Every structure is written in structure tokens, then in C-alpha cells.
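Here is the structure we will look at.
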Amino acid sequence: MIPRFYSPHPLTPGATLDLPEEAAHHATRVLRMKEGDQVRLFDGRGGQWLTRLIRLKPVPHVVLESFEETDTESPLAVTLVQSLPSGDKMDWVVQKTVELGVAAIQPVAARRSVIRLSGDKAERRARHWQSVAVSASEQCGRVVVPVVADLLDLPQYFSHPAADNELRLILAPGGSQRLRDIPPPTGPVTVLIGPEGGFEEVEVQMARSVGFQPVCLGPRVLRTETAGPAVMAALMALWSDG
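Just so we're aligned, residue 516 is where the sequence shown starts under this note's numbering, counting upward by one.
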């Protein structure tokens with residue numbers, strides 16, 4: 516299988532370029548690639564390029580040979596609004612929902628979020644989560660890298676207006692409305708996931724006041740790091756990839 520890497524710079528016909536730092540390290544130190552080997556690159560604008568390594572030192576350098584039309588993106592644009600989980604669970608959420616087709620991820624801090632991030636630490640974590648999204652996109656064959664937005668407090672997020680025809684859902688364990696009972700959306704979908712301790716009632720009421728509908732996936736209570744991938748898989752099966 517030809518390795519795939521993301522290029523943060525726009526790719527143009529006939530161009531030559533150095534592989535990005537992380538891709539260069541993986542190509543030379545992990546894959547042990549040689550001059551003449553092929554690499555696929557994508558820049559997030561759709562499609563991908565078949566390239567060839569023409570030099571390894573001092574930095575692996577490739578020439579773009581041919582463009583490949585490929586579309587692995589879902590027509591269903593889903594934004595996951597994920598309350599911050601503890602530890603490194605957010606890495607798992609980002610990785611798996613990117614593989615499942617999420618369009619964007621918005622981390623939020625809810626009242627019961629176990630960890631609190633601010634300032635430089637929050638910025639570093641956002642950059643890290645974006646790199647996780649890049650790696651997941653490379654691995655699963657996506658040609659667009661979902662954006663992991665900067666962390667917001669939940670009330671800050673609620674102040675943002677809904678998009679046209681946006682379907683807003685909040686995952687509510689024990690609720691009576693099932694996902695399968697909702698008519699297929701005609702616009703983007705946003706799903707709000709609570710923290711380990713769940714949302715406080717006032718947060719649920721705030722969510723409902725800005726258009727979020729409570730929905731449940733079944734009779735069992737899911738962990739916060741399970742809920743996002745589970746709802747993504749269900750949405751894709753019901754309204755997109757299935």
C-alpha cells in the first residue's frame with residue numbers, strides 16, 4: 516500500500532516539495548522508504564496526488580506526478596460538540612469520529628468537566644487534537660481534514676447562532692426520542708455530548724432553548740468517550756454511508 520500524508524501547503528501540478536516534518540520522519544525512520552518510492556499527498560482541498568521520492572537527504576523531497584480524483588467525504592456534515600473528558604480520552608474521540616466521517620469537532624467545557632484548560636495549555640491541546648485529526652485522516656483515506664476548533668465554555672458555544680436548516684441534537688440517556696424516530700435532516704447536524712458526570716439540568720435547559728433536541732441511542736448509558744463515536748456510526752448508517 517502506498518503511504519498517504521497530509522500537506523499543509525497547497526499542491527499544484529508538477530511541483531516539487533519537501534515532505535512535512537512528521538511525514539518525513541515516518542517515511543524515512545518508520546517505513547524506511549527509498550528514492551523512487553511513491554507517496555500519496557493530499558492538501559485538504561479534495562482529491563490526492565501521486566508523488567515520487569526523488570531525494571532523501573537532507574529532507575525527503577517529492578515530485579507530483581498525477582492527480583487522483585477521489586471523494587471519501589460524507590454528504591452529511593456532522594459537527595461533534597464534545598464536553599472535555601479526562602485524561603487522553605479526547606484523543607480517542609477525535610481519532611474515531613474522524614475515521615467515521617465527522618466534519619468538525621468543537622471541544623467545550625461543561626460544569627462537570629473533570630479537567631480545565633485555559634491559555635497556553637488550551638492552545639497546545641487544540642494543536643495536539645488537530646494533529647490527531649490529521650493522522651486519522653491520513654490513515655482512513657479522507658481527503659479533507661476536519662477542523663478541531665478552539666475550546667469554548669458551554670455558554671460561549673450556545674451564543675453562536677445555528678446554521679440554516681441545522682439539526683441540533685443533545686445526547687440524553689434515558690430519553691424517549693430515539694435517533695431513528697427523527698426525519699432525515701436537510702442540512703448540517705450538530706450533536707452535543709456531555710462530560711463524565713453528565714450535564715447539569717440548567718445546561719440541558721440552555722441547550723433546548725437554542726434548539727437542541729434530546730435524543731438517546733438506547734437503554735444503556737454510554738461513557739462520554741464512547742458516545743461520540745457511537746452516535747457518529749449511527750448517523751452515518753441512518754442518513755449517509757449506510
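From the three backbone atoms N, C-alpha and C, an ideal C-beta is built for every residue, glycine too.
For clarity, every value in this text was computed on a predicted model and none was experimentally measured.
Measuring straight from C-alpha to C-alpha, what distance separates residue i and residue j?
i	j	result
G743	S755	16 Å
E740	V608	6 Å
A687	A651	28 Å
T613	T701	It is worth fixing the name first, because residue 613 is Val in this sequence and not Thr. Going by the C-alpha atoms only, they are around 22 Å apart.
S581	G559	16 Å
K611	E716	28 Å
H675	A722	12 Å
E583	Y521	15 Å
L732	M747	11 Å
V629	D635	19 Å
H643	I697	35 Å
M548	P523	21 Å
P699	H576	46 Å
Q720	Q671	15 Å
E536	G561	22 Å
F673	V649	27 Å
G713	N680	27 Å
A745	P528	40 Å
A641	C655	21 Å
H540	D552	15 Å
V706	R544	39 Å
Do residue j and residue i come within 7 Å of each other at the CB atom, strictly closer than that value?
i	j	result
F727	R683	yes
V574	T566	no
P710	R627	yes
V704	V593	yes
A637	L666	yes
V694	A749	What sits at residue 694 in the sequence shown is Leu, not Val. Yes, they are a contact pair.
T585	Q563	yes
G690	P729	yes
D603	V647	no
Q645	V659	no
L571	E588	no
A538	L579	no
Does the Cβ of residue i have 16 or more other Cβ atoms within 10 Å, making it buried, or fewer, making it exposed?
i	result
I517	exposed
I685	buried
A678	exposed
L591	buried
A752	exposed
L546	exposed
V736	exposed
E718	buried
Whole-angstrom Cβ separation of residue i and residue j, contact assumed at under 8 Å?
i	j	result
A619	P661	5 Å
I708	V596	7 Å
V623	S601	Their Cβ separation, rounded to whole angstroms, is 15 Å, which puts V623 and S601 out of contact at 8 Å.
L532	A542	Not quite, the Cβ-Cβ distance comes to about 13 Å (not below 8 Å), so this is no contact.
L568	L526	Their Cβ separation, rounded to whole angstroms, is 15 Å, which puts L568 and L526 out of contact at 8 Å.
R519	E653	5 Å
Is the CB of residue i under 7 Å away from at least one CB in chain D?
i	result
P590	Absent from the structure is chain D; it holds one protein chain and no more.
Extract the residue ranges of the beta strand (DSSP E) inside the stretch 557 to 629, only unbroken runs of 3 or more that lie entirely within it.
Within the stretch 557 to 629, the complete beta strand (DSSP E) segments at least 3 residues long are 563 to 570, 576 to 583, 593 to 598, 619 to 624, listed from N- to C-terminus.
4-residue-minimum alpha helix (DSSP H) runs that sit fully inside the stretch 687 to 721, ordered along the chain:
Runs found: none.
Within the stretch 626 to 663, note down every full alpha helix (DSSP H) run reaching 4 residues or more, in order along the chain.
Taking only runs of at least 4 residues, the alpha helix (DSSP H) segments lying wholly in the stretch 626 to 663 are 634 to 655.
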